[in-house]
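Position 1 of the sequence shown, counted from 1, bears residue number 134 in the numbering used here, the numbering being contiguous throughout. Backbone N, C-alpha and C define an ideal beta-carbon position, used for all residues, glycine too. It should be emphasised that the depicted structure is a prediction, and the values quoted were computed from it without experimental measurement.
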Amino acid sequence: MPNSASKCEIVLVLDVVRDPSNEIVECHYYSENCLYLSVKGRPEISFLLHIPITYPVQELTICQLTNGIALGDVIKSPLNIIDTVLMIIAIVSNEFKKPMPNSAAKLNPELYQQWLFDFNNVAHFKSSLSW
């Protein structure tokens with residue numbers, strides 16, 4: 134049975150990914166149950182989001198891949214699809230010092246502002262991205 138919640142969120146996420154101002158991530162594959170994103174210009178760094186059939190009741194999972202091999206553990210995300218992708222974009226933007234696409238920040242402006250504040254003021258931000 135199609136999951137309309139995931140479909141609606143995926144459509145919004147894909148609009149951001151396809152935005153010409155997006156220099157952060159690209160989508161290689163998507164379905165109702167999966168998003169496969171990579172860092173633009175660094176395809177060896179990618180992220181796999183698994184969206185359960187019972188989403189949003191059941192949490193989605195996310196895994197960072199390096200050259201197609203899982204880096205670290207598969208983790209459950211307490212965030213929805215939109216906020217999880219926004220988190221990925223924000224982390225990659227911060228790590229690579231690339232501008233956040235306006236369309237991404239508009240997905241959840243309050244959350245984006247909080248992360249931006251945290252990245253710049255709370256402590257030196259370290260991610261698990263490896264390069």
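Just confirm the distance between the C-beta atoms of residue i and residue j, as a whole number of angstroms; I'd bet it's less than 8 angstroms.
{"i": "L170", "j": "I215", "result": "Actually they are not in contact, since the Cβ atoms of L170 and I215 sit about 13 angstroms apart, beyond 8 angstroms."}
{"i": "I186", "j": "L168", "result": "Going by Cβ atoms, the distance from I186 to L168 rounds to 15 angstroms, so no, they are not a contact pair."}
{"i": "L219", "j": "N200", "result": "Their Cβ separation, rounded to whole angstroms, is 25 angstroms, which puts L219 and N200 out of contact at 8 angstroms."}
Take residue i and list the residues in its own chain whose beta-carbon comes closer than 6 angstroms to its own, dropping the five residues that flank it on each side.
{"i": "C196", "result": "L181, A203 and V207"}
{"i": "A223", "result": "W248"}
In its own chain, which residues sit with a C-beta less than 7 angstroms from the C-beta of residue i, not counting the 5 before and 5 after it?
{"i": "S137", "result": "none"}
{"i": "P189", "result": "A138 and N213"}
{"i": "D152", "result": "P234 and S236"}
{"i": "E192", "result": "K209, S210 and P211"}
{"i": "S260", "result": "Only weak support is given to the placement of S260: the predicted model assigns it a pLDDT of 48, under 50, and the question is left unresolved by the model."}
{"i": "S263", "result": "Low confidence applies to S263: its pLDDT is 42, below 50, so where it sits in the model is not reliable, and the reading given next is rough at best. Hits under 7 angstroms: T199 and L204."}
Is the CB-CB distance between residue i and residue j below 7 angstroms?
{"i": "S210", "j": "V149", "result": "no"}
{"i": "P234", "j": "S154", "result": "yes"}
{"i": "E156", "j": "K231", "result": "yes"}
For residue i, tell me which candidate among the options has the shortest Cα-Cα distance.
{"i": "L198", "options": "E177, Y245 and L244", "result": "E177"}
{"i": "K173", "options": "E243, F229 and F250", "result": "F229"}
Considering only residues of the same chain and omitting the five flanking positions on each side of residue i, which have a CB-CB separation below 8 angstroms?
{"i": "Y245", "result": "L219, A223, M233, A237 and A238"}
{"i": "L147", "result": "C160 and Y163"}
**Message:** When you compare the stretch 153-172 with the stretch 203-213, are there three or more beta-carbon pairs, one atom per stretch, that lie closer than 8 angstroms?
**Reply:** no
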